[in-house]
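What follows is one structure encoded as structure tokens, with my remarks underneath.
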Amino acid sequence: MTVPHQDPVERRVVVTGPAGRTRRTRRASGHHRPRTEIDEQTTLGHTYVRSLMRSQLRAALAVFAVLTLLVGPLPLLFAAMPDAHRLEWAVLGFCLYGPLVLLARWYVRRAERNERDLIRLVEDR
């Protein structure tokens, strides 16, 4: 009786994570989809991301400018009125709260709209 010969080196397969995405092929027209351009970090994809970053930076700089104009002069105002401690608390606690909340809401909505615009651009092409 003969015993089948087994290979002394067994072949093992190691799975380290979920299967990766396969690379998409180019369309018949020869153009990549914008999402693929972003994922593969091509020059066009880099341009899409830079455009989003620029629009987010513009929104942040607009908020910073409004904050500077709104809050910047307050120390000068408070220095001109040395005995008005109640006024300082009223201005800081009540008068600034509303504009700051509105400014924060505007910034969040603007940032979300910038992201939606990029997604719409990427998905619709």
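Per the numbering used here: the sequence shown = residues 2 to 126.
Glycine included, each C-beta is placed from N, C-alpha and C at the ideal position.
Helix, strand or coil for residue i? Go by DSSP, reduced to three states.
i      : result
THR43  : coil
THR94  : Per the sequence shown, the amino acid found at residue 94 is Gly instead of Thr. Reduced to three states, the DSSP call for GLY94 is helix.
PRO76  : helix
THR17  : coil
ASP125 : helix
ASP84  : coil
Rounded to a whole number of angstroms, what is the C-alpha to C-alpha distance between residue i and residue j?
i      : j      : result
ALA80  : ARG110 : 36 Å
GLU89  : PRO100 : 16 Å
LEU53  : LEU78  : 38 Å
PRO74  : CYS96  : 14 Å
PRO76  : MET82  : 10 Å
LEU71  : ARG51  : 30 Å
TYR108 : ALA61  : 7 Å
THR43  : VAL92  : 51 Å
ASP125 : HIS47  : 18 Å
From the options, pick the residue whose C-alpha is nearest to that of residue i; which is it?
i      : options                : result
ARG121 : ALA63, THR17 and TYR49 : TYR49
Take every Cβ of the segment 92 to 108, pair it with every Cβ of the segment 51 to 68, and state whether three or more of those distances are shorter than 8 Å. As far as the Cβ criterion goes, the segment 92 to 108 touches the segment 51 to 68, which means the pair count is three or higher.
Is the number of C-beta pairs between the segment 53 to 62 and the segment 115 to 123 that are closer than 8 Å three or more? Yes, since at least three Cβ pairs between the segment 53 to 62 and the segment 115 to 123 fall closer than 8 Å, the two stretches touch.
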